[in-house]
Structures are given as structure tokens and as C-alpha cells.
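Notes for the one structure printed next.
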Amino acid sequence: MLSEKKVKPVAPIAATVVGIVLVCLLWVLVSAKPNPSDNADSPLLGQPAPAVVTTTLEDKPFDLSRRKGSWVVLNFFNSTCVPCRIEHPLLLAF
Numbered sequence: 086m087l088s089e090k091k092v093k094p095v096a097p098i099a100a101t102v103v104g105i106v107l108v109c110l111l112w113v114l115v116s117a118k119p120n121p122s123d124n125a126d127s128p129l130l131g132q133p134a135p136a137v138v139t140t141t142l143e144d145k146p147f148d149l150s151r152r153k154g155s156w157v158v159l160n161f162f163n164s165t166c167v168p169c170r171i172e173h174p175l176l177l178a179f
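Heads up: the sequence shown begins at 86 in my numbering, then just goes up one per residue.
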């Protein structure tokens, strides 16, 4: 007669350990406080935007002063800049 050996349930234990590690990692990431040195220091922060008068890509005039009180995104980019080309459709959708 063959002896029967009990197989230990490794998969549930491993899944539990992985789950606990992931929860701990998520807790560390969520509870981390931002480092003030990561913020950009600029004398322009908190100041009104400078006067901008230009033409849009559709050849329409654009005057930033007419947008006072509303959100405006001015994106200066070069067509050879790969990250700029990647973010452009996202900005258009915004």
C-alpha cells in the first residue's frame, strides 16, 4: 500500500504573504509626506501670468488677458521633442 503524504497548502500561504506585503507597501506610499525640496522654487509662483498675445494653431488671435479668472494651459514645445509630442494629444483632450 502506498503511503499517503499530506501536501501542504503553499499557494494560499504565499498569496496571503504577498497580499500583506502589497498592503504594507501601499500604506507606505500613501502615507508618505511630500518633500518640500521636490517643489520648484520660482519667483513667478503665485504671481499673475505675464501678458501673452499670440496666434493659435488655427490662426486665431489669443490674448491671455481676456482669459482672466479661468484656467489656461500654455504649452511651449518643439516638434522634435519626443516627450512634447507624446503629451500634446493629452493636452488637447484636456
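We treat Cβ as the ideally placed atom computed from N, Cα and C, and that holds for glycine.
{"Check": "Alpha carbon to alpha carbon, how far is residue 105 from residue 96? Give it in angstroms, no decimals.", "Outcome": "14 Å"}
{"Check": "Within the same chain, show all residues whose beta-carbon is closer than 6 Å to that of residue 160, passing over the 5 residues directly before and after it, in chain order.", "Outcome": "176"}
{"Check": "For residue 139, list the residues DSSP reports as bridge partners.", "Outcome": "147"}
{"Check": "So, helix, strand or coil for residue 109, using DSSP?", "Outcome": "helix"}
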